[in-house]
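Q: Chains as they are written, first to last, in my numbering: chain F, 2 to 146; chain E, 2 to 146.
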DNA sequence: CCATATTTTTAGATTAAATCTAATTATAGA
DNA sequence: TCTATAATTAGATTTAATCTAAAAATATGG
């Protein structure tokens with residue numbers, strides 16, 4: 002539904018990418034990357050576990066958490082927690098960006114950092130290092146092609 | 002440390018305020034309001050419980066949650082969950098506003114809705130109903146008086 | 001290739017925040 | 001006062017995530 006990023010990596014490509022980031026490319030990690038870097042859109046740990054249960058011989062819940070945290074440390078993944086849900090979601094979009102929540106479907110869509118401008122008025126007290134933004138509303142259906 | 006809002010309400014004033022919002026003014030609720038509406042700044046449920054343990058004969062943890070949720074339903078309180086912490090915080094500022102997190106102290110400061118302008122570019126897909134913003138950074142020390 | 005050190009994975013226990021349950025207590029209204 | 005309704009309570013439960021320590025896999029050095 003959303004536009005693909007670096008989607009569609011072969012296990013070999015994933016493996017090299019992990020190595021370049023100093024992460025041992027184990028079978029479990031490659032499988033999880035297949036999902037979080039290629040297939041999924043803002044998955045939760047539970048989403049990953051369910052995917053693994055279908056697509057991997059046997060994987061512990063702890064491995065899911067170990068792996069996403071390793072990927073985060075390696076700079077391959079980011080985690081977000083939003084006010085409307087208690088589950089952490091993982092995002093392979095590691096560039097500066099914000100989020101839009103479609104309130105009818107619950108879908109979260111990335112918004113490029115360049116596409117949002119935040120202006121702070123009447124405030125000399127703050128040195129702002131970064132901003133986290135969640136816009137909420139409805140998604141407009143595109144017409145035609 | 003932060004500037005007071007409607008701080009300093011007597012038990013009678015709190016009681017009337019609860020009644021006006023269709024909430025039975027019980028001893029527990031009045032006590033909790035004393036704290037969340039008058040004394041505290043973005044308290045967590047745990048903060049409320051700890052305060053109650055010092056200032057109220059005996060209060061169950063369930064009552065803390067029951068009460069804040071009742072106050073939220075009644076429109077007297079809002080809840081916020083931020084990405085940097087897993088605890089829900091409660092805020093008696095029910096007007097449109099955003100937040101600033103002082104990363105050195107962990108303090109959260111309200112920013113009036115009018116003081117932030119959010120501009121969305123290159124995006125025709127979204128009908129934005131509301132925005133949640135958390136700015137992070139450092140608080141500048143005010144000089145002199 | 002082998003021996004061994006290091007790293008990863010695992011099942012199950014644990015933690016932490018919040019909610020639920022069902023019994024007790026308080027309150028409101030006739 | 002009597003009775004219905006609402007609120008409070010202790011403790012159990014749920015949920016997301018982490019921790020533990022044993023087992024399995026992998027890397028390294030000769």
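Note that the Cβ used here is the ideal one computed from N, Cα and C, for glycine as well.
Fair warning: this is a prediction, and the values are worked out from it, not measured in the lab.
Identify whether residue 20(F) lies in helix, strand or coil by the three-state DSSP scheme.
A: Residue 20(F) falls in the helix class under three-state DSSP.
Q: If the cut is a Cβ gap below 9 Å, which residues of chain E does residue 24(F) touch?
A: Under the 9 Å cutoff, chain E gives no residues; its nearest Cβ is about 24 Å from residue 24(F).
Q: Pairing CB atoms from the region 54 to 70 of chain E with CB atoms from the region 102 to 109 of chain E, are three or more of them under 8 Å?
A: No, the region 54 to 70 of chain E does not touch the region 102 to 109 of chain E.
Q: Is it true that the CB of residue 127(F) sits closer than 9 Å to the CB of residue 136(F)?
A: Not in contact: residue 136(F) and residue 127(F) (Cβ atoms no closer than 9 Å).
Q: Flag this pair as touching only if the region 40 to 54 of chain E and the region 16 to 24 of chain E have three or more C-beta atom pairs under 8 Å; answer yes or no.
A: Taking 8 Å as the limit for Cβ pairs, the verdict is that the region 16 to 24 of chain E does not touch the region 40 to 54 of chain E.
Q: Shorter than 9 Å from the beta carbon of residue 109(F) to some beta carbon of chain E?
A: Cβ-Cβ to chain E under 9 Å: no for residue 109(F).
Q: State yes or no: is the C-beta of residue 19(E) nearer than 8 Å to some heavy atom of the ligand ADP?
A: You won't find the ligand ADP in this model; it holds no ligand whatsoever.
Q: Which residues in chain E have a C-beta closer than 7 Å to the C-beta of residue 20(F)? List them in chain order.
A: Ordered by position in chain E, no residue passes the 7 Å Cβ test against residue 20(F), which lies about 30 Å from the chain.
Q: Closest to residue 63(E) by C-alpha separation, out of 35(E), 143(E), 47(E), would be which residue?
A: Comparing Cα positions, the closest option is 47(E).
Q: On a CA-only basis, which of 139(E), 21(E), 100(E), 11(E) is nearest residue 72(E)? Give me that one, please.
A: It is 21(E) whose Cα lies nearest to the Cα of residue 72(E).
Q: Could you check which residue in 102(F), 26(F), 142(F) has the C-alpha nearest to that of residue 42(F)?
A: Ranking the options by Cα distance to residue 42(F), first place goes to 102(F).
Q: Using CA atoms only, rank isn't needed, just tell me which of 26(E), 23(E), 80(E) is closest to residue 111(E).
A: Checked all of 26(E), 23(E), 80(E); the closest Cα to residue 111(E) is 80(E).
Q: Is any beta-carbon of chain E found at less than 9 Å from that of residue 46(F)?
A: Chain E, which has no Cβ nearer than 9 Å to the Cβ of residue 46(F), makes this no.
Q: Using a Cβ-Cβ cut-off of 9 Å, state whether residue 123(F) counts as contacting chain E.
A: Cβ-Cβ to chain E under 9 Å: yes for residue 123(F).
Q: Which chain F residues sit within Cβ distance under 8 Å of residue 84(E)?
A: In chain order: 81, 82, 83, 133.
Q: Would the beta-carbon of residue 12(F) fall within 9 Å of that of residue 35(F)?
A: Yes, the Cβ-Cβ distance between residue 12(F) and residue 35(F) is below 9 Å.
Q: Kindly indicate which three-state DSSP category residue 75(F) falls into: helix, strand or coil?
A: Of the three classes helix, strand and coil, the one that applies to residue 75(F) here is coil, per DSSP.
Q: Counting C-beta neighbours from all protein chains within 10 Å, is the total for residue 227(F) 16 or more, i.e. buried, or is it exposed?
A: Nothing about residue 227(F) can be reported from this structure: the residues present for chain F run from 2 to 146 only.
Q: Considering only DSSP beta bridges, list what residue 137(E) is partnered with.
A: Paired residue(s): 131(F), 102(E).
Q: For a test of the three-state rule: what should DSSP assign to residue 45(E), helix, strand or coil?
A: The answer is strand: DSSP assigns residue 45(E) an E or B state.
Q: Between residue 88(E) and residue 45(E), how many whole angstroms is the CB-CB distance? I'm expecting something under 8 Å.
A: Correct: roughly 4 Å between the Cβ atoms.
Q: Would a check of beta-carbon distances place residue 117(F) closer than 9 Å to chain E?
A: So, interface residue.
Q: What would DSSP say about residue 3(E), mapped onto helix, strand or coil?
A: Here residue 3(E) scores only 47 on pLDDT, less than 50, and its place in the model should not be relied on; the value that follows carries that caveat. Coil.
Q: Can you tell which of 26(E), 25(E), 133(E), 77(E) has the C-alpha that lies nearest to the C-alpha of residue 38(E)?
A: Considering only alpha carbons, the answer is 77(E).
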